[in-house]
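A.B. asks: The structure that follows is given in the form of structure tokens.
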Amino acid sequence: MKPLSLVAFLFVMLWGATSAAQESPFFVTYTHHLEEPGNLELETSSTTGIPRNGQRFYFAPYTEFEYGVTASWTTELYLESQSAWGDSTVFTGWRLENRFRPLKREHWINPVLYLEYESVSEASRIQKEIEGGGPDLTSRNALLTSEHAHELEGKLILSSNYHDWNISENFIITKNFSESEGVEFGYSFGAARPLARLASGGNCRFCKENFSVGAEMYGGLGSTLDFTAHHTAHYIAPVISWAVGENSTLRFSPGFGLTNESNPVLLRFGYSYEIQGFGSRVSRLLGRRP
Amino acid sequence: MKLCRFKGIVVLGLLAAFLHAENPGYQPDPSWRAPSEAASRPNPLASRPETAAGGRKLFIRNCVECHGKNGSGMEKKHSADLQLQIVQQQSDGELFWKITNGNLHRGMPSFSKLPELQRWQIVLYLRTLTSSK
Chain A
1 MKPLSLVAFL FVMLWGATSA AQESPFFVTY THHLEEPGNL ELETSSTTGI
51 PRNGQRFYFA PYTEFEYGVT ASWTTELYLE SQSAWGDSTV FTGWRLENRF
101 RPLKREHWIN PVLYLEYESV SEASRIQKEI EGGGPDLTSR NALLTSEHAH
151 ELEGKLILSS NYHDWNISEN FIITKNFSES EGVEFGYSFG AARPLARLAS
201 GGNCRFCKEN FSVGAEMYGG LGSTLDFTAH HTAHYIAPVI SWAVGENSTL
251 RFSPGFGLTN ESNPVLLRFG YSYEIQGFGS RVSRLLGRRP
Chain B
291 MKLCRFKGIV VLGLLAAFLH AENPGYQPDP SWRAPSEAAS RPNPLASRPE
341 TAAGGRKLFI RNCVECHGKN GSGMEKKHSA DLQLQIVQQQ SDGELFWKIT
391 NGNLHRGMPS FSKLPELQRW QIVLYLRTLT SSK
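Chains as they are written, first to last, in the working numbering: chain A, 1 to 290; chain B, 291 to 423.
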């Protein structure tokens, strides 16, 4: 990136706008908060794996388009890739997910139904969720990309707000239709809260209300062939988000592997930008009533 | 001369867009009512009117897209004109409950992702929206 472009990028990020969006700081755990109808959120994130013996350092970026179809239905498209040290850079596939809120009102526990189709290779390392034993962290990309998976994934998302904390639990079930490896299971839990309860009247960039902090834990639970928490990947990860502008949020999470099947450290970065009223603008462009 | 005509067209266009943006004929959803316990909750920030400034910021961030900058609603989005008496006569607790729960099947999202006090700040700001209606 040229110095001038970098300066312009930082200017837009830090000085473009000063009020802030309120996004969940989690990378893996979903809450019951959906995208507002008609809004499009663009997000670019990455998962970086620090290796242990026999593993390779890797960098797995992904781009996400999240759209609020209605107040109770959000849809997302993911495009993902991966680059491994001393190996190659490969496009690892795409995912299309949908989240539905079946209940009309807020409750003590708010369920959300999640359904996703994945067309990804075994080289996928973004680890948006971990199911089964976790990804293969030792084989070479040439071998892994030849194994393509068509998967259907479901999640039961349970989420509660309690004294400004959000506490969420996700239960994951995945079926790979390309191989007979049974049905795989996974989980994630998270708790997070904003640093400030009141919004200040003025515009501020570094004030507490723009930050949310918390922690999440996620991992695989084997499959119907071998339902177990042993020999699977598990992580615990503090999370922090910073609303840097009216529509943009930065997120960071260092995850710490709890088993030998995990990376010792998993670093996640994310930047999201929300386009408000995207659906209405497209409708107007096409001459339709929004 | 041409410039004046162009400016006139632009002003008329903006005026038409502004009038179109309002929703003075808004009719509330009769089934969207807060339980009496929720409706009777007082605003804990009622004695701190200075916090309405933060409510204004939150309103601009979260509500303007559908309700417009002055809260007069948008006919095309069926969003409420928040200046109308039918809205303003509702209790603080009722408005808080509606912001918290949304009306998902009518397009109003839930804003429970905001901390509770910030939702009360929005209620406080809503009370400052006035009109001659």
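Built from N, CA and C at the ideal position, the CB exists for glycine as well.
CB residue 413(B) to CB residue 382(B), shorter than 7 Å?
C.D. replies: Yes, these two residues count as a Cβ contact at 7 Å.
A.B. asks: Does the beta carbon of residue 33(A) sit closer than 7 Å to a beta carbon anywhere in chain B?
C.D. replies: yes
A.B. asks: If you drop the 5 nearest sequence neighbours on each side, which residues of the same chain put their C-beta closer than 6 Å to that of residue 331(B)?
C.D. replies: In the same chain as residue 331(B), and ignoring 5 residues on each side of it, the C-beta atoms closer than 6 Å to its own belong to 383, in chain order.
A.B. asks: List the residues of chain B that residue 72(A) touches, going by C-beta distances under 8 Å, in chain order.
C.D. replies: 394 and 395
A.B. asks: Using a cut-off of 7 Å between C-beta atoms, extract the partners of residue 277(A) located in chain B.
C.D. replies: 355
A.B. asks: At 7 Å on the CB atoms, spell out the chain B contacts of residue 37(A), in chain order.
C.D. replies: 397 and 399
A.B. asks: Let me know if residue 260(A) comes out buried or exposed under the rule of 16 or more other beta-carbons within 10 Å of its beta-carbon.
C.D. replies: exposed
A.B. asks: Taking only three categories from DSSP, how would you classify residue 357(B)?
C.D. replies: helix
A.B. asks: Can you check the stretch 113-192 of chain A for any beta strand (DSSP E) of at least 3 residues that lies completely inside it and give the ranges in chain order?
C.D. replies: Fully enclosed beta strand (DSSP E) runs of 3 or longer: 148-162 and 165-176.
A.B. asks: Taking CB distances under 7 Å as the criterion, tell me whether residue 285(A) reaches chain B.
C.D. replies: no
A.B. asks: Does DSSP classify residue 265(A) as helix, strand or coil?
C.D. replies: Here residue 265(A) sits in strand by DSSP.
A.B. asks: Specify, as a first and last residue, the run of the beta strand (DSSP E) that residue 205(A) falls within.
C.D. replies: No beta strand (DSSP E) contains residue 205(A), which DSSP labels as neither H nor E.
A.B. asks: So, do the stretch 182-192 of chain A and the stretch 26-34 of chain A have three or more beta carbon pairs nearer to each other than 8 Å?
C.D. replies: yes
A.B. asks: Taking residue 380(B) as the query, report the chain A residues whose CB atoms sit under 7 Å from its CB, ordered along the chain.
C.D. replies: What residue 380(B) touches in chain A: nothing, since even the nearest Cβ is about 17 Å away.
A.B. asks: Taking only three categories from DSSP, how would you classify residue 81(A)?
C.D. replies: strand
A.B. asks: Could you name the residues of the stretch 90-107 of chain A whose beta carbon sits closer than 7 Å to any beta carbon of chain B, in the order they occur along the chain?
C.D. replies: Per Cβ criterion, the list reads 101, 104, 105 and 106.
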